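Here is the structure we will look at, set down as structure tokens.
Chains as they are written, first to last, in this note's numbering: chain A, 493 to 730; chain B, 7 to 262.
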């Protein structure tokens with residue numbers, strides 16, 4: 493069953509066409525990675541699907557319905573941004589960050605501790621969010637979404653600014669969550685080795701949807717050269 | 007003095023509570039622009055024969071919404087938009103002063119604040135306004151904080167982000183315009199920003215920041231008023247200096 497479908501989706505900001513004619517479908521349980529060069533429209537595609545960027549044309553359907561008529565199912569959408577908008581010196585604790593961003597019907601201290609344990613971050617509950625490492629904060633942001641038991645988790649370059657070890661831990665946690673909760677994951681990523689290891693399908697975006705398929709079929713020199721140009725067609729398989 | 011203390015307590019409670027959002031969202035300059043537009047509103051009210059405080063609130067709300075609309079619908083940076091409105095409001099205010107020669111004394115009262123002249127009628131109106139703002143802050147604190155922490159995350163959860171942005175601006179406009187009589191246009195932003203900034207320096211959680219911000223605001227309002235009474239100094243300036251002293255102390259503590 494498709495949990496996300498877009499048809500002929502076009503986004504124009506100012507005079508610039510950011511996305512053009514994107515038609516795609518994501519099945520339940522898939523891990524989909526959006527790849528492409530800087531400015532290709534990957535984040536905009538994520539935002540357009542979530543109603544955060546205006547559509548010039550086209551339609552988006554989540555769980556078979558338009559976003560505006562999702563009703564309570566809207567709670568089942570998880571979203572992890574690249575970063576928070578406040579600076580790190582703000583005295584907001586992890587517990588507060590989670591409570592503020594969770595509807596009351598899903599919130600309890602016990603539930604919060606349980607989901608934090610799922611992302612190996614239980615000990616961070618009382619810590620200040622600004623004192624966490626990049627990897628820890630991203631895991632907390634995932635936990636915050638888990639409180640609403642999401643069916644789809646959208647991640648916008650979740651490993652940006654995280655050290656190698658933190659990034660490895662982050663993707664291990666994500667992989668284990670996907671398996672235990674049967675979540676669909678849709679993520680924007682620049683790291684092709686991560687995409688190779690963790691994605692079940694890759695969508696190549698550069699204003700248009702240029703190609704899609706399993707990582708092994710997509711991540712080859714020919715496709716990457718077409719997508720990124722010569723200099724960027726370097727990636728590692730582990 | 008009783009009326010002055012009552013007014014001081016009211017504003018000492020409310021301005022710092024709203025100030026927490028101002029500090030988190032980095033909207034201090036926005037508060038200044040609103041205060042200057044309130045001054046223009048007062049001058050317009052005197053010119054048109056409308057009660058100046060009402061004109062100030064109405065005009066401040068209009069300017070706040072105008073700035074908010076332009077921020078949302080243009081690519082002009084926020085600080086530039088605020089700078090344009092700030093100087094525009096100040097220029098119109100000064101222009102109107104020229105047309106209101108006979109009212110200059112009244113206008114200077116609004117510029118520098120004169121809490122000791124607050125009447126019971128003024129106090130009642132201020133109390134109603136600030137109670138309304140206080141209730142709105144209590145009811146909207148969660149979505150306002152969600153938008154402050156991450157607009158996109160809030161929007162995905164169905165928070166009406168634009169409406170919350172406008173709501174915060176209107177609350178700020180009403181609070182600033184209603185507080186002008188206490189500390190004056192030039193210093194009103196200090197009562198919004200400084201207690202919240204001091205609280206931020208010494209707090210370990212957001213909840214504590216709210217509590218300390220209000221406590222600091224209350225303390226500075228009362229201490230400033232009593233100080234101005236004892237030292238025979240300007241009330242608004244004394245309140246703000248009490249806030250600055252507290253901020254300096256918080257800075258010393260935060261640096262340890």
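Even glycine gets a Cβ: it sits at the ideal position worked out from N, Cα and C.
Computed from a predicted model, the values in this text were never measured in an experiment.
The three-state secondary structure of residue 611 of chain A, taken from DSSP, is coil. Using a CB distance cut-off of 9 Å, residue 38 of chain B does not count as an interface residue toward chain A.
Taking 9 Å as the CB threshold, residue 585 of chain A lines the interface with chain B.
Identification of residues in the stretch 585-617 of chain A having a C-beta nearer than 9 Å to some C-beta of chain B yields 585, 587, 588, 589, 591, 592, 593, 594, 595, 596, given in sequence order. Listed along the chain, the chain B residues whose CB falls inside 8 Å of the CB of residue 542 of chain A are 158, 161, 162.
The CB of residue 212 of chain B comes closer than 9 Å to the CB of 582, 583, 584, 585, 588, 589, 592 in chain A, given here in chain order.
Residue 85 of chain B is positioned such that its CB atom lies closer than 9 Å to that of residue 35 of chain B. Using a Cβ-Cβ cut-off of 9 Å, residue 620 of chain A is close to 210, 211 of chain B, given in chain order. The straight-line gap separating the alpha-carbon atoms of residue 54 of chain B and residue 251 of chain B is approximately 41 Å. By the neighbour-count criterion, in which a residue is buried when 16 or more other Cβ atoms sit within 10 angstroms of its Cβ, residue 79 of chain B is exposed. Take the alpha-carbon of residue 517 of chain A and the one of residue 195 of chain B: they are about 51 Å apart. Annotated three-state conformation of residue 679 of chain A is strand, per DSSP. About 18 Å separates the beta carbons of residue 677 of chain A and residue 711 of chain A, which is beyond the 8 Å limit, so they are not a contact pair. The beta-carbon separation of residue 643 of chain A and residue 495 of chain A, rounded to 6 Å, stays under the 8 Å limit for a contact. Within chain B, the residues 30, 154, 155 have their CB atoms less than 7 Å from the CB of residue 578 of chain A, given in chain order. Taking the Cβ atoms as the reference, residue 13 of chain B lies roughly 23 Å from residue 46 of chain B, outside the contact range of under 8 Å. A/637 is the residue among A/637, A/514, A/503 whose C-alpha sits nearest the C-alpha of residue 569 of chain A. With fewer than 16 other Cβ atoms from the protein chains shown falling within 10 Å of its own Cβ, residue 564 of chain A counts as exposed. Within chain B, no C-beta atom comes less than 9 Å from the C-beta of residue 496 of chain A; the nearest is roughly 14 Å away. Excluding sequence positions up to five before and after residue 532 of chain A, its CB lies within less than 7 Å of the CB of 697, 698, 699, all in the same chain and listed in chain order. Counting every other CB atom within 10 Å of its CB across the protein chains shown gives residue 127 of chain B a total below 16, marking it as exposed. Taking 9 Å as the CB threshold, residue 148 of chain B lines the interface with chain A. Residue 50 of chain B is outside the set of residues whose beta carbon lies under 9 Å from a beta carbon in chain A. Fully contained in the stretch 629-677 of chain A are the following beta strand (DSSP E) runs of length 3 or more, in chain order: 644-648.
In the structure shown, residue 508 of chain A adopts extended strand secondary structure according to DSSP, grouped into three states.
Taking 7 Å as the Cβ-Cβ cut-off, the stretch 549-576 of chain A approaches chain B at 566, 569, 571, 573, 576, given in chain order. For residue 239 of chain B, the number of other beta carbons within 10 angstroms of its own is below 16, and it is reported as exposed. Residue pairing from DSSP leaves residue 96 of chain B without any beta-bridge partner.
Selection B/37, B/89, B/100, B/139 evaluated against residue 200 of chain B yields B/37 as nearest (Cα-Cα).
Interface annotation, residue 653 of chain A: not in contact with chain B, CB-CB separation never under 9 Å. Listed along chain A are 583, each with a C-beta nearer than 8 Å to that of residue 215 of chain B.
Counting the other CB atoms within 10 Å of its CB gives residue 215 of chain B a total of 16 or more, which places it among the buried residues. The continuous alpha helix (DSSP H) containing residue 172 of chain B extends over residues 167-189. Here residue 507 of chain A is exposed: its Cβ has fewer than 16 other Cβ atoms, across all protein chains shown, within 10 Å. Cβ contact annotation for residue 654 of chain A (same chain, cutoff 7 Å, sequence separation greater than five): 626, 627, 630, 662, in chain order. Residue pairing by DSSP places residue 704 of chain A opposite A/695 in a beta bridge.
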